[in-house]
Each structure stands twice: as C-alpha cells, then as structure tokens.
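Visitor: Chains as they are written, first to last, in the working numbering: chain H, 127 to 460; chain E, 3 to 327.
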Amino acid sequence: MTAALQIENLWIEAGPVDDPLVLVRGVDLSVEPGTVVGLVGESGSGKTVTCMSALGLAGAGVRITRGSVRAQGTELVGADEATMRRVRGGVVGTVFQDPLSALNPLQRIGDQVAEALVLHRGGRRRAHRERVVTLLARVGIPAPEQRARAYPHELSGGLRQRVAIAMALANDPAVLVADEPTTALDVTVQAQVLDVIRAATRDEGRAALIVTHDLGLVAEVADRVAVMYAGEIVEEGAVGSVFAAPQHPYTRGLLASRPLLAPGRRRLSAMAGRPPLPGAWPGGCAFAARCPDAQTACAEPPPVRRGDDGWSRCWYPPTDDPGRDPVEPQERAG
Amino acid sequence: MATAPAVATPPPRTGRRGRRARRIAGTLARLVLTLLGLLTLLFFLVRLSGDPAGVLAGPSATPAQLDAVRAGLGLDEPLPVQYAQFLGDVVRLDFGTSVFTGESALGTALGALPATLLLIVSTMLTSILVGVPCGVLLDRGSRVTRALIGSTMTLAQAVPTFVLGVLLSYLFAVRLGVLPAFGSGTPATLVMPTLALASFAVARTARMVAAELEQVEDQDFLRTASAKGASSRRVLWRHALPNAFPAVAAALVVEMSFLISGAVVVEVLFAYDGIGKELVDAIFARDYPLVQAAVFVIGVFVVTVNILGDALLAVLDPRTARDRA
C-alpha cells in the first residue's frame, strides 16, 4: 500500500544559497492511509517548515535541497505549478494555526469554502452552495445556511477554525495537514475543534499529519507520533508505545514536562537548557548538550535503532542497555 | 458529526434601523456645518479682496456713480446685514445673478460643473487603470521594472501640474500637432487636461497599491488560498488586491477632493470650460455672486464625494461597516 504522504530524506534550507541556513536535515516520515501522525517538537525544531515546504507553502527563500515528498504517489519536490495546484486542496487539505488571520476578511465564509470547490471541480461558486452548507454543518457550525453569509470577523475563533477545516475538507482530500490547529484557541474550544479533527480523520479514515507541541492532543487523536529536534526526527512510533516507553531522552523529557492533573503531588520537571537554533546545531547528537545521560559516544551522530514498531536516534536507548554504567560527566558535543 | 459548540448569538437586529437613521442625520449635520463654514469664510474673503463697484463702473466713474452701483448690489448695507441676507439667500439657493452676464449665478456655476466632473472622472479612471497595474509591478516586478516605474512615479509626483501642462501642450499641440492646445467639448480636448491632472494621482495610487500589497503579502489568508489550490495570479487578484483596495480607495477619495483644486489650474491652462475656469474668471472680474455660487457648488461636490467615499469603503470592507454602526 502506498503511503498517503511519504516524506523521504527531506533537507530544507533558507537564506543565501552560498551561506544557507539549514532548517531540516533528512526527515523521513510516512503517513499511511487512515493513520493520524502527530509531529511534535519545540519551536524552531523544523516541524512546521517540514509540512509547509512539503506543500510548497513555506514562503520565499525557504527551499528543499534534497529528498522527496509524495502525496498519493505524486512527487511534489520539483513539481510544476499545475501539479502543485491540483494536489493542494485536492489531495492534501491544509489547516493553519491562527484562524483569526487564515480567512480572507473581505469574503463571506461560504464563498471562501466554495472557492476551494470551484478550484478543483470547476463551475461557479453558487453552484456549490449546497455542498458548502453540508460542509459547514459537518464541522459543527450551527445554522450553516445563515453562517455561510457571515464574514470572518462576525465569527468566534473556534468557528473560524471550523470554517478553515471545512475548507480543507471541501474536496475530500486523502490527507489533512494541520499546523498547530488548536494552539490559538481557548482551552474549551480546543476540545471541540479536536473533536472535529478526530471526526475528519479517524472516523472517516483519512490520513492526517498534525503538527503540534501539545502531547495531549497527540494522545487524543494520533495513531503514531514523530518527535522532532533540531531539524531531525529523533523518535517515531505508535503513540501507545512511545508514550509508555519513550526511547529517546528528548521524548522522555517532553513527556515529563507535561503537566498532569493526576492525584498526588509531583514536581513539574522542565528540561534544562534550550533547543539549539538552526545554524547552531552541534555535530553528533544534537540533544547531547541537554541530555542528562549524555556520554562520550554522543559526540558522534547516533545510529537509528529500530524497534518492533518504530525507531529512535540515540546511542543509549533505555531498553537497549538496561545495565548501563552510571552516568558519566556530561560530554558536550561539537 | 461534531459536538454542538457554544456560539455567540448574532447581534440583535432591533435598533439597526435606528442607528442608521442617526448616522444619516449625523452626516447631514456635518454637511450643513461644513458648507456654512465654507460660505462664511468665502463671504468675508471676497469682501476683503476688493470693491466690485470699481470694476463694474469703470475707472472713470464718479463717486456718485460708484455709490449707485454699490446700492444696486446691496453693498451699501453694513456687513452683518449683508451676511444675514447672504445666508438667507443661500438657504433658498438664491445666489443672485452674475454681475456681468445677468444670468443666474448658480445656474452658470452648475452649467460649468459637468465638464469638470467629466475631467475628474476621466482622471480618476486613469489613476486606477494605470496606477493599480503600476502598483502591482512596483511590488511584484523585476528589479529593473521596479526601478523604472519607481523613478517614473517620483518624477510624476515631483513635476507641478502647471509645468507638466505646459510641457504636454508644447509636445502634443505645438510640436506634434496631434492634440488641440485648448478648448473643450470634444474627447480630444480632454486628453491633455486629464494627463496633467492624473500624473500625481497615478503615482499616488501606484505607491499606495504597492505599499498595501506589501502589507497584505505575508497575511495568512493568502497562504490559505494557495493551500486551497489557487494559482499565484488568482491569489493576487482575488485575495491580495481586494484587501489592498480599502486603503487605496480611501486615499483616492481624499485625492478626488484635491483634484478639484488641480482642475482649476488645468482648466485655466487649457482654456477648458469647467467650473474651475469659471471661478477664476469670476474672481478676476470681482463677480461676487458667481464666485460664491461656484465655491458653493464645489463645496457641495467635495462634501458629497467624502460621504459617498465613506459609503464605498463600507462596501469594500465589511469590517468598516460594522465599526461605524
């Protein structure tokens, strides 16, 4: 079975060609049909730029230098405009982070949803009115017929994000890519929008790539999770097994720094240090400088270790080496 | 498929009509106040500028003849009385008759208005039809295109209207002989006055469009449109430019008010029979009634343009309509 979205050895850089800033280095990521993948990481880890570049939406100056992105088998790296237009909105629907600015303020929302249909199915906007109302109803917008005539500024943030999702789903794309779809929303609204996303993915068997830093969201909607750090994926696996037994120390840190409303008091652990910025990535394991268990070997690029269902990039995965020696003094790589 | 969200109910419809009525009343009050101020200023300025009796009666008139002329024009009354009388007449739209032609001053001024409106409309059209594409190129063009258009626009803004008018006249009428140097009434006579008048407005429009496009450029909704599968051309024309237009339209409305003063210069220069030329002629002839009528008509025009401009902005940007309600 071909993957709905297949990213292979993707390298992305920005800035001047003779002195580029490398943003993403060799990302491999596969989203199988009917699977929801959560791509997590801190700001600057390259998770958003990976998705946006894959669709050619990263903006001027950001370019893919190597690798391949295939959506339903169609190669997108180096593809011509016509192919990209057909894929965008047709094969891959995209939802962005900030619903307040993601909609055209001058157009009625119904018209904006209809535009997605016109672009892929032809005809006039009016001809798609029925489907627009159906779509709006599907993402839980009350009184969709009236709301279709509303302007974005007349809707709340949650409703606007629903409109954005309706727009992304308009042409029944095989893949939904969502970049921090709930980050800009109130907590109560987040849960509702999450329901919509879950319905559009899990319940309808649609593949999805959801970029987020919210591990709770991943636990709720994703089947698999990929953890990004310093432009690389450091761990990938089924959500259940990664959350239960994280193999990479960065994943462990992320999970430990998650506030839990569980009974019993527990000090919230924050990871020491900050993620290195693009351009300042050390050789070897990029996480070594912050890793509590870093050892001499971490100065070299760690090998990929495959488990039953997933893999990680660490010299010392916990299950691999249970009787490891006590931690040596921290070894700084680079 | 999703849970019902908590939704804010739409704003109640009651009171919308009341608000609109209040808004219209406010606009009318503004219009009346503006015109009253304009006419008051005009009344005293005209009377400071000289004595029409002297012009009318001629240089060889005796004091007795001058007094007679003044009495005939009502100029022998004290100023406050004249002012009250003037305002009373204005309310009845009675501006008296032209001192020279004896025809209704308001009628003469209104008769000259269409030619000026034509000039202004053709100038506005030129500004939009030339200015918007130039603005797009100024923002999206290659480095050479941008430099070329940028410096042309700077030049267009820097050369005063009357200088440009003279240059155009020399080139097209004297050297090339393809356009009439002056006159009005035929399409050909409209060309040079429009060019002279539009050069500044075109440059201004182009710069506004470019600046607004740059502002709009990194807005998320453009990326949304791309993500839907829109071509970059469609993103520009359907999403970026419409969002640049409200600000450009606002600038054009202001520009239109200024155009009328530019029209005065251009009309005189090209002997184009519009209200601007009528006004200047009337001033030199100290034809008070006609000056007052012409300024009144121009004032009404400017205020109307501004009111219509506000309405246009509300159409272009739904957010504005709500803010003002």
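Where a beta carbon is used, it is the ideal one built from N, C-alpha and C, also for glycine.
Would E/A253 count as contacting chain H if we go by Cβ distances under 9 Å?
Guide: In the second sequence, residue 253 of chain E corresponds to position 251, counting from 1. Judged by the 9 Å Cβ criterion, E/A253 is not in contact with chain H.
Visitor: Would E/T226 be called buried (16 or more neighbouring beta carbons within 10 Å of its own) or exposed?
Guide: One-based indexing of the second sequence puts residue 226 of chain E at position 224. E/T226 should be labelled buried.
Visitor: Just the C-alpha distance for E/T110 and E/A295, rounded to the nearest angstrom, thanks.
Guide: On the second sequence, residue 110 of chain E is found 108 positions in, with the first residue counted as 1. On the second sequence, residue 295 of chain E is found 293 positions in, with the first residue counted as 1. Approximately 8 Å between the Cα atoms of the pair.
Visitor: Which residues in the same chain as E/L197 place their Cβ atom closer than 8 Å to its Cβ, once the five residues preceding and following it in sequence are excluded?
Guide: Counting from one through the second sequence, the residue named residue 197 of chain E turns up at place 195. Around E/L197: T128, L166, L170.
Visitor: Any idea what DSSP makes of H/Q223, helix, strand or coil?
Guide: Numbered from its first residue, the first sequence carries residue 223 of chain H at position 97. Looking at H/Q223 - three-state DSSP - the assignment turns out to be coil, as it is neither helix nor strand.
Visitor: Hey, H/L343 and H/V303 are a contact pair by Cβ (cut 8 Å); roughly how many whole angstroms apart?
Guide: For this step, residue 343 of chain H is matched to residue 217 along the first sequence. For this step, residue 303 of chain H is matched to residue 177 along the first sequence. No, H/L343 and H/V303 are not in contact; Cβ-Cβ is about 15 Å, not under 8 Å.
Visitor: Please determine, among H/G187, H/N230, H/A269, the residue with the shortest C-alpha to C-alpha distance to H/P142.
Guide: Start at 1 with the first residue of the first sequence, and residue 142 of chain H comes out as number 16. Taking only the C-alpha atoms, the option nearest H/P142 is H/G187.
Visitor: List the residues of chain H whose Cβ lies closer than 7 Å to the Cβ of E/V223, in chain order.
Guide: Within the second sequence, residue 223 of chain E is the residue found at index 221, counting from 1. It should be pointed out that residue 223 of chain E corresponds to Phe in this sequence rather than to Val. Under the 7 Å cutoff, chain H gives S227, A228, L229, N230.
Visitor: Roughly how many angstroms lie between the CA atoms of H/R250 and H/A364, to the nearest whole one?
Guide: On the first sequence, residue 250 of chain H is found 124 positions in, with the first residue counted as 1. On the first sequence, residue 364 of chain H is found 238 positions in, with the first residue counted as 1. Straight-line Cα distance between these residues: approximately 44 Å.
Visitor: Would you report the Cα separation of E/A27 and H/E346, rounded to the nearest angstrom?
Guide: The sequence position of residue 27 of chain E within the second sequence is 25, counting from 1. The sequence position of residue 346 of chain H within the first sequence is 220, counting from 1. Their backbone Cα atoms lie some 57 Å apart in a straight line.
Visitor: Name the residue from H/V239, H/G204, H/L202, H/Q223 whose alpha carbon lies nearest to the alpha carbon of H/T174.
Guide: Locating residue 174 of chain H in the first sequence gives position 48, where the first residue counts as 1. Selected option, being the one with the closest Cα: H/Q223.
Visitor: Relative to the alpha-carbon of H/G331, which residue among H/R286, H/G204, H/V301 has its alpha-carbon at the smallest distance?
Guide: As a first step, residue 331 of chain H is located in the first sequence; it is residue number 205 there, counting from the start. For H/G331, the nearest C-alpha among the options comes from H/V301.
Visitor: Compile a chain-ordered list of the residues in the stretch 285-319 of chain E whose CB is closer than 7 Å to at least one CB of chain H.
Guide: Within the stretch 285-319 of chain E, the residues whose Cβ lies closer than 7 Å to some Cβ of chain H are D319, listed in chain order.
Visitor: Does DSSP put E/L38 in a helix, a strand or coil?
Guide: Along the second sequence, one-based indexing puts residue 38 of chain E at 36. In the structure shown, E/L38 sits in a helix (DSSP, three-state: H, G or I).
Visitor: Identify each residue in the stretch 168-181 of chain H for which the Cβ-Cβ distance to at least one residue of chain E is less than 9 Å, and report them in chain order.
Guide: Those residues of the stretch 168-181 of chain H that come within reach of chain E (Cβ to Cβ, closer than 9 Å) are M178, L181.
Visitor: Throw me the rounded Cβ distance for the H/R234 and H/A294 pair, which I believe falls under 8 Å.
Guide: Within the first sequence, numbered from 1, the residue matching residue 234 of chain H stands at position 108. Within the first sequence, numbered from 1, the residue matching residue 294 of chain H stands at position 168. The pair is not a contact, with the Cβ atoms about 18 Å apart (cut-off 8 Å).
Visitor: Taking the continuous beta strand (DSSP E) assigned at H/D305, which residues delimit it?
Guide: Here residue 305 of chain H is taken as the residue at index 179 of the first sequence, counted from 1. It spans 301-305 - the beta strand (DSSP E) in which H/D305 sits, taken as one unbroken run.
Visitor: Among E/G301, E/A114, E/L315, which one has its Cα closest to the Cα of E/L37?
Guide: Indexing the second sequence from 1 puts residue 37 of chain E at position 35. The option with the nearest alpha carbon to E/L37 is E/G301.
Visitor: List the endpoints of the continuous alpha helix (DSSP H) containing H/M178.
Guide: Taking the first sequence and counting its residues from 1, the one referred to as residue 178 of chain H is at position 52. Its alpha helix (DSSP H) spans residues 173-180.
Visitor: Rank H/A129, H/G152, H/A398 by C-alpha distance to the C-alpha of H/W137 and give the top, closest one.
Guide: Against the first sequence, residue 137 of chain H aligns to sequence position 11. Ranking the options by Cα distance to H/W137, first place goes to H/G152.
Visitor: Compute the Euclidean distance between the alpha carbons of H/D349 and H/A180, then round it to the nearest angstrom.
Guide: Start at 1 with the first residue of the first sequence, and residue 349 of chain H comes out as number 223. Start at 1 with the first residue of the first sequence, and residue 180 of chain H comes out as number 54. If I take the Cα positions, the gap works out to 21 Å.
Visitor: Between the alpha carbons of E/A1 and E/V299, how many angstroms are there, rounded?
Guide: With chain E covering only 3 through 327, there is no way to say anything about residue 1 of chain E.
Visitor: Under three-state DSSP, which class holds H/N230?
Guide: By one-based count along the first sequence, residue 230 of chain H stands at place 104. H/N230 falls in the coil class under three-state DSSP.
Visitor: Roughly how many whole angstroms lie between the Cα atoms of H/S169 and E/M258?
Guide: For the purposes of this step, residue 169 of chain H is taken as residue 43 along the first sequence, with counting starting at 1. For the purposes of this step, residue 258 of chain E is taken as residue 256 along the second sequence, with counting starting at 1. H/S169 and E/M258: Cα-Cα distance of roughly 49 Å.
Visitor: Quick one: list the residues of chain H neighbouring E/S233, beta-carbon separation under 8 Å, in chain order.
Guide: Locating residue 233 of chain E in the second sequence gives position 231, where the first residue counts as 1. Here the neighbours are E207, R211.
Visitor: When DSSP labels each residue in this structure, what does H/L165 get in the three-state scheme?
Guide: Within the first sequence, the letter at position 39 stands for residue 165 of chain H. Three-state DSSP puts H/L165 in a strand.
Visitor: Kindly confirm or deny that the stretch 305-320 of chain H and the stretch 237-246 of chain H touch, where touching means at least three C-beta pairs closer than 8 Å.
Guide: Result no; under three Cβ-Cβ pairs closer than 8 Å.
Visitor: Taking CB distances under 9 Å as the criterion, tell me whether H/E241 reaches chain E.
Guide: Numbered from its first residue, the first sequence carries residue 241 of chain H at position 115. Yes, its Cβ sits closer than 9 Å to a Cβ of chain E.
Visitor: Can we say the stretch 200-215 of chain H touches the stretch 274-285 of chain H, given the rule of at least three CB pairs closer than 8 Å?
Guide: Contact fails: fewer than three Cβ-Cβ distances are below 8 Å.
Visitor: Among the candidates H/W437, H/C177, H/A290, whose CA atom is the shortest distance from the CA of H/V221?
Guide: The residue labelled residue 221 of chain H in the question sits at position 95 within the first sequence. That would be H/A290, whose Cα lies nearest to the Cα of H/V221.
Visitor: How is the beta strand (DSSP E) around H/N297 delimited, first residue to last?
Guide: For this step, residue 297 of chain H is matched to residue 171 along the first sequence. No beta strand (DSSP E) holds H/N297; DSSP gives it neither H nor E.
Visitor: Note the first and the last residue of the continuous alpha helix (DSSP H) segment covering E/I122.
Guide: The count along the second sequence starts at 1 and reaches residue 122 of chain E at position 120. Run containing E/I122: 107-142, per the alpha helix (DSSP H) assignment.
Visitor: Relative to the alpha-carbon of H/D340, which residue among H/G366, H/F369, H/E306, H/D329 has its alpha-carbon at the smallest distance?
Guide: Residue 340 of chain H sits at position 214 when you count from the first residue of the first sequence. Of the listed residues, the one whose Cα sits closest to H/D340 is H/E306.
Visitor: Report the three-state DSSP secondary structure of H/D329 (helix, strand or coil).
Guide: Locating residue 329 of chain H in the first sequence gives position 203, where the first residue counts as 1. H/D329: helix per DSSP, three-state reduction.
Visitor: With DSSP run on the structure shown, which of helix, strand or coil describes E/W239?
Guide: Against the second sequence, residue 239 of chain E aligns to sequence position 237. If DSSP states are grouped into helix, strand and coil, E/W239 belongs with the helices.
Visitor: Between H/T197 and chain E, is any beta-carbon pair separated by less than 9 Å?
Guide: Start at 1 with the first residue of the first sequence, and residue 197 of chain H comes out as number 71. First, the amino acid is wrong: residue 197 of chain H is Ala here, not Thr. Closer than 9 Å: no.
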